[in-house]
Amino acid sequence: MLQELAIDLDGYAFSDYVEVKDGRLSHAAPWDYDLAFGFACKPDYRRNALTGHTSSGVEGWNVENVRDAMTRWSAIGFQTTKAHRNMRQLFLNLWRTPSFAAYFVAAWRSARQGPLRDDALEEMVSRRSSRISASAWRDLAIWHDAERCGFFPCCYAEDAQDFASAERHLAEFLRRRAKWMDAHAGELPDNGH
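Following our numbering, the numbering of the sequence shown begins with 1425 at its first residue and continues without gaps.
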């Protein structure tokens, strides 16, 4: 659910640990959200495996996006390596299982009545931002001349230099993404997923 809410570009492929132990599938908590929550704009990683359509903003199911390439730093600079397969395929297969989709929809709707309500999401961003505000502003002052967007274009480049702007965009992203998921979650079991 978090990978979907976040639209983590590395999610389901690189920032997840899955293993089979004693015949059971185990999954660790996902991590590494630097390319999530609307911060990185990388259309190459938003291409739907089922339709070929490229989404942007808060639209589209993240699990359905193909991840068949990886950009990394090497001795000669940034390089993109093709994997020649969808590294999210395991999760896409689960997603397309009707019982899994039904469980996801039920869990999502339940969470939207509690910890993922709009006001709860906004409060979470506000509360956590308050806790780290002084440190965030110090960090921005130290690194004010650095390219903070890394090797992906930032959706809102000003967020890399302005903590208040980043906080505002994060809260807005979460509200808009949750509303998109609300509007489309009910379609999952009925359209062949």
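Glycine is no exception: its CB is placed at the ideal position from the N, C-alpha and C atoms.
Does the distance from the CB of Leu1426 to the CB of Pro1467 come in under 9 angstroms? By one-based count along the sequence shown, residue 1426 stands at place 2. By one-based count along the sequence shown, residue 1467 stands at place 43. No Cβ-Cβ contact shorter than 9 angstroms links Leu1426 with Pro1467.
If I follow the unbroken beta strand (DSSP E) through Arg1448, where does it start and stop? The residue you call residue 1448 lines up with position 24 of the sequence shown. Where Arg1448 is concerned, the enclosing beta strand (DSSP E) stretches over Arg1448 to His1451.
Inter-stretch contact at 8 angstroms, needing at least 3 Cβ pairs: the stretch 1528-1541 / the stretch 1552-1565: Because the criterion of three Cβ pairs below 8 angstroms is not met, the stretch 1528-1541 and the stretch 1552-1565 do not touch.
Buried/exposed call for Val1487, threshold 16 Cβ in 10 Å: The residue given as residue 1487 occupies position 63 in the sequence shown. Counting of Cβ neighbours within 10 angstroms places Val1487 among the buried residues, the total reaching 16 or more.
Gly1616 classed as buried or exposed, judged by whether at least 16 other C-beta atoms fall within 10 angstroms: Position 192 of the sequence shown, counting from 1, holds the residue named residue 1616. Confidence at Gly1616 is low in this model, with a pLDDT of 46, below 50, so the placement of that residue should be treated as unreliable; the coordinate-derived value is given next. By the beta-carbon neighbour count (other beta carbons within 10 angstroms, threshold 16), Gly1616 is exposed.
Between the Cα of Phe1438 and those of Cys1465, Asp1446, His1451 and Val1444, spot the shortest distance and give me the residue it belongs to. As a first step, residue 1438 is located in the sequence shown; it is residue number 14 there, counting from the start. Considering only alpha carbons, the answer is His1451.
Evaluate Arg1490 with the Cβ neighbour count: other Cβ atoms within 10 Å of its Cβ, from every protein chain shown; 16 or more gives buried, anything less gives exposed. Sequence index remark: in the sequence shown, residue 1490 carries index 66 (1-based). The amino acid at residue 1490 is misidentified as Arg; the sequence shows Val. So Val1490 counts as buried.
DSSP state of Lys1603 mapped onto helix, strand, coil: In the sequence shown, residue 1603 corresponds to position 179, counting from 1. Reduced to three states, the DSSP call for Lys1603 is helix.
Using CA atoms only, rank isn't needed, just tell me which of Ser1480, Arg1599, Ala1460 and Ser1498 is closest to Glu1546. By one-based count along the sequence shown, residue 1546 stands at place 122. Among Ser1480, Arg1599, Ala1460 and Ser1498, the Cα nearest to that of Glu1546 belongs to Arg1599.
I need the boundaries of the alpha helix (DSSP H) containing Val1549, first residue and last residue. Counting from 1 along the sequence shown, the entry for residue 1549 is found at position 125. First-last of the alpha helix (DSSP H) with Val1549: Asp1542 to Ile1566.
Report, in whole angstroms, the separation of the C-beta atoms of Val1482 and Trp1604, which I expect to be a contact under 8 angstroms. As a first step, residue 1482 must be located in the sequence shown, where it is residue number 58. As a first step, residue 1604 must be located in the sequence shown, where it is residue number 180. About 5 angstroms; that satisfies the 8 angstroms criterion.
Residue(s) in a DSSP beta bridge with Gln1427: Here residue 1427 is taken as the residue at index 3 of the sequence shown, counted from 1. As far as DSSP is concerned, Gln1427 takes part in no beta bridge.
Following the continuous alpha helix (DSSP H) through Phe1524, name the residue where it begins and the one where it ends. Here the question's residue 1524 lines up with position 100 in the sequence shown. First-last of the alpha helix (DSSP H) with Phe1524: Pro1522 to Arg1536.
Between the C-alpha atoms of Asp1569 and Leu1449, what's the straight-line distance to the nearest angstrom? Numbered from 1 along the sequence shown, position 145 holds the residue referred to as residue 1569. Numbered from 1 along the sequence shown, position 25 holds the residue referred to as residue 1449. If you take the alpha carbons of Asp1569 and Leu1449, they lie about 45 angstroms apart.
Please list the terminal residues of the continuous beta strand (DSSP E) segment that includes Gln1503. For the purposes of this step, residue 1503 is identified with residue 79 of the sequence shown, where counting begins at 1. Boundaries of the beta strand (DSSP E) around Gln1503: Gly1501 to Lys1506.
Should Tyr1527 go down as buried or exposed, given a rule of 16 or more other Cβ atoms within 10 Å for buried? Your numbering for residue 1527 matches position 103 in the sequence shown. Tyr1527 is exposed by the Cβ-count criterion.
Skipping 5 residues on each side, what residues in its chain have a beta carbon closer than 6 angstroms to that of Val1442? By 1-based counting over the sequence shown, the position of residue 1442 is 18. Here the set comprises His1451.
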